[in-house]
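The next block holds one structure in the form of structure tokens; read it before the comments.
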Amino acid sequence: MPAEARAIYWFRTDLRITDSPALTKCLAIPNLKSVNFAWCWDPNYIYGHRVGLNRFSFLLESMQSLSDELTKVNKSQKLQVVRGPPEKVLPIMWESWGITHLVFEKDANEYAKVRDARIKKLAEEKGVEVIEVHGRHLYDPEQVVKVNGNKPTMTLHQWQGVAQKIGKIPRPSETPKKLPDPNSTDLKHSKKDEKYKWPGEDLNAEIRTGKDTCYDRMSGPKGDYSVPTMTEMGFSDATTTIKGGTVEGHKRLDTFLGNPEDVATFSKPHTAPTSLEPSTTLLSPYIKFGCIGIRELWWGCKDVIEEWSKTGKGKKTSEPENMFGQLEFRDMYAAAETAQENFQQIRGNAVCRYIDWALQNQYNDKGDLILPRPRDDDEEAEERFAAWREGRTGFPWIDACMRQLKHEGWIHHLARHSVACFLTRGQCYISWERGMEVFDEWLIDWDPASNPGNWMWLSCSAFFAQYYRVYGLVSWPAKTDKHGELVRKYCPELKDFPDKYIYSPHLAPESVQKSSNCIIGKDYPFPILDEHVEKDRCIARLKDAYAVGLHGDAKEVLEGTAKQMLEDKHAETGAGEVKSDKEKKDLKAAEKRKRSGDGNIEDWTTKKQGKKGLGPVEKRDG
Ligand SMILES: Cc1cc2nc3c(=O)[nH]c(=O)nc-3n(C[C@H](O)[C@H](O)[C@H](O)COP(=O)(O)OP(=O)(O)OC[C@H]3O[C@@H](n4cnc5c(N)ncnc54)[C@H](O)[C@@H]3O)c2cc1C
């Protein structure tokens, strides 16, 4: 053991000093003389990963808030942002600052695992002791997987069984009341404080409107390791109203816990996706960046509910719909992702069903993912996808949710259900990989396990299999808001429509469109597809895919023959055919007449229908 220990605490997705088991461990290092609180501003995230302005802005605010909290405890402390890839800048810091220990919170997702393995190897070579401590989830996902027989957890029930075997969730760690000073921050061994240049394609080039000076110096423009700004990255301001930071996160947490009845009776299915004010906690961005500790929320709820139960005022809700159930789902996905290779894609993913979606990922001959994704030959699917992403599908509920997502970086869970179902198995039959990618870019709370996990759930590719249950594009939002507040806010061109047509303006008579100052087809689009026809077609195709029963790791998927196999199956079952409601009704009637010996079906349906094909979309109930 060195006579004097000098540590770097490496912050990643744990931007807080409360409830931090890793920080507690760091401060307990024997003979600890100094701690440098560092953040590596990793260019892989800045250039190699598509990230929207809202998430960048939230992250910067959270870094600043953490830095302020450190300074509050010790005036000479702050967050030191070192700009460059961790494997490059950490060794420079170790050598320049005489570091003996590197401490960080464990992160078990696929990308972090590979990065951290590289860092641990480098540290070992340099004689720096690594202390890695679990704290991001209720239970360490790697431990969950181990107890689950090295298998991913695919149901909540399964996860709960494992959790019971592991034992009780610890109480939040103490918040430190004092912190040691930092060591020197001179970069003696770097040549010197040099500019870093990203070698690959800048995937965020599209949103960079100004000059990018972010990596001109390792220690920042003034050499003081300051938190970067949106301007330094060449970005304009974010649009979200959600403010980042551990202080904001704790305020939100306290507000939630301050209403014991709401905590005790929280029931996710009864919250409203249509509400203008979030009807759930909106804690996800703070949980994602670790601005609040997960045990603070868990034990906060436990304690509040215990007290409330004593009042005998009512019945508390239970899992999975209560708050504990929500947090358990998060852990379930984390353990599934930790165990399952290729969790973020179909190819090579053993838990994901193969369905012949349009616009799946494209790979090169070596099997590597091609990024950015080249445009597909399927123009109809590309156009549907663009309309979905841009909030111009002609279905106001879908468009409002997608516009809110882009503007705020957050939408309600059941709004996520609606748009995910619509894009995949509900109507568009487009790969969940495309939807996941857009969420990955725009969500502030983007999580590498919860995002793909929920997309697989919603598309009935894994976790959930009831593909015949599809969200109505008009009936579903109307259940919680007949007036359409969210649509009126995010699709302002529709704001003057009467309630009757707010979710289906294409059905409004011309006179109503005129008096609502919005002509469908001119000021707002017609629906891009027929809701019911496409729904039936999707269900029939899903049925085929389930019957064929391939998963992402099947030989046929890896060799590229699976799509044809499913197309053959659809040809056999007729699942690919489009039938309008009217056609279906006519066919049924024709069948009946045929059975009674009355004429030729073809003749009869053609005569009754006038012409073959779809009826006008705008006449249909959306
Ligand atoms: C297609 C799709 C993609 C999603 N992608 C993400 C994602 O990238 N990141 C993310 O945090 N959540 C994701 N979710 C889950 C869920 O929608 C959000 O966690 C939730 O809406 C956040 O709002 P809240 O904090 O108000 O949630 P609350 O209902 O208040 O729940 C509290 C916390 O529980 C956790 N939680 C709740 N539901 C889930 C769930 N189904 N899966 C995982 N964790 C959950 C979150 O950490 C959330 O903050 C996704 C859901 C869908 C349907």
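Going left to right, the sequence shown walks through residues 531 to 1152 as this note's numbering numbers them.
From the three backbone atoms N, C-alpha and C, an ideal C-beta is built for every residue, glycine too.
In this text the structure is predicted, and so the values were computed from the model without any measurement.
In the DSSP assignment, what residue or residues form a beta bridge with residue i?
i: V1167; result: The requested residue 1167 is not part of the displayed model; the chain covers only 531 to 1152.
i: R738; result: F765
i: Y1054; result: I1050
i: R883; result: H1081
i: R536; result: S564
i: L899; result: Y893
i: I817; result: DSSP, once it has assigned bridges, lists no residue as partnering I817.
i: A888; result: I960
With a CB to CB cut of under 6 angstroms and the five nearest residues on each side skipped, what residues in its chain are close to residue i?
i: T548; result: T705, G823
i: G1127; result: Summary for G1127: the model assigns pLDDT 40, below 50, so the residue's position carries little reliability, and this model does not support an answer.
i: E872; result: In the sequence under discussion, the amino acid at residue 872 is Asn, which differs from the Glu named in the question. Within the same chain, N872 has close Cβ partners G878, N879.
i: D1053; result: E1023
i: E851; result: S797, K798, P799
i: G779; result: Y816, C821, I822
i: K741; result: G764
i: P1146; result: Per-residue confidence for P1146 stands at a pLDDT of 28, beneath the threshold of 50, marking its modelled position as unreliable; no derived number is given.
i: K936; result: W972
i: T1103; result: D1074
i: T554; result: S703
i: W927; result: L1003, P1007, Y1033
i: F1027; result: P1035, S1046
i: D646; result: none
Can you give the beta carbon distance from residue i to residue j, rounded, assuming they're within the 8 angstroms contact cut?
i: L609; j: L620; result: At roughly 15 angstroms, the Cβ-Cβ gap does not stay under 8 angstroms, so L609 and L620 are not in contact.
i: S980; j: Y863; result: 5 angstroms
i: R914; j: L1059; result: 7 angstroms
i: T743; j: E762; result: 5 angstroms
i: I699; j: R825; result: 6 angstroms
i: A1070; j: A1105; result: 4 angstroms
i: F482; j: T543; result: For residue 482 there is no data in the structure shown, the boundaries of the chain being 531 and 1152.
i: V663; j: P551; result: 5 angstroms
i: H667; j: D861; result: 5 angstroms
i: Q870; j: E963; result: Q870 to E963, Cβ: 15 angstroms. No contact.
i: R503; j: E912; result: As shown, the chain starts at 531 and ends at 1152. That puts residue 503 outside it, with no answer to give.
i: I538; j: N566; result: 5 angstroms
i: L889; j: Y997; result: In fact, because the Cβ distance is near 19 angstroms, the residues do not count as touching under 8 angstroms.
i: V603; j: L709; result: 5 angstroms
i: D886; j: K1093; result: 5 angstroms
i: V514; j: L1080; result: Residue 514 is absent from the structure shown; the chain starts at 531 and stops at 1152.
i: A866; j: M684; result: 6 angstroms
Going by beta carbon distance, what residues of the same chain come within less than 7 angstroms of residue i, once the five residues before and after it are set aside?
i: R922; result: D929, P1055
i: C1068; result: R955, G956, Q957, Y959
i: A945; result: P803, C931
i: E1015; result: T804, L806
i: K1012; result: D1029
i: D572; result: P615, P616
i: W985; result: A950, W962, G965, M966
i: Q673; result: I696
Within its chain, find whatever has a CB closer than 8 angstroms to the CB of residue i; leave out the 5 residues flanking it on each side and keep chain order.
i: R738; result: D732, M763, G764, F765
i: N894; result: I900
i: R546; result: L596, E599, T776, G779, G820, C821, I822, G823
i: R1018; result: L1024, K1025, I1032
i: W828; result: L668, I699, F854, L857
i: T759; result: L590
Measuring from the CB of residue i, is there a heavy atom of ligand 2 at a distance below 6 angstroms?
i: W927; result: The ligand content of the structure shown is limited to ligand 1, which means ligand 2 is not among them.
Are at least three pairs of beta-carbons, each pair with one atom in the stretch 755-772 and one in the stretch 578-590, less than 8 angstroms apart?
-> yes
Stretch pair the stretch 839-846 + the stretch 611-620: three plus CB contacts closer than 8 angstroms = no
Specify whether the stretch 624-634 and the stretch 653-673 touch according to this definition: at least 3 beta carbon pairs, one from each stretch, less than 8 angstroms apart.
-> Touching, yes.
Within the stretch 628-704, ranges of the beta strand (DSSP E) (whole runs, at least 3 residues) | 631-635, 659-663
Any chance you could list the beta strand (DSSP E) runs of at least 3 consecutive residues sitting entirely within the stretch 992-1048, in chain order?
-> none
Is there contact here, the stretch 978-994 with the stretch 639-653, by at least three beta-carbon pairs under 8 angstroms?
-> Below 8 angstroms, enough C-beta pairs join the stretch 978-994 and the stretch 639-653 to call them touching: three or more.
With a cut-off of 8 angstroms, do at least 3 Cβ pairs link the stretch 577-584 to the stretch 689-698?
-> Between the stretch 577-584 and the stretch 689-698 there are fewer than three C-beta pairs closer than 8 angstroms, too few to call the two in contact.
Cβ contact (3+ pairs, closer than 8 angstroms) linking the stretch 880-894 and the stretch 983-995 | The stretch 880-894 makes contact with the stretch 983-995; the number of CB pairs closer than 8 angstroms reaches 3 or more.
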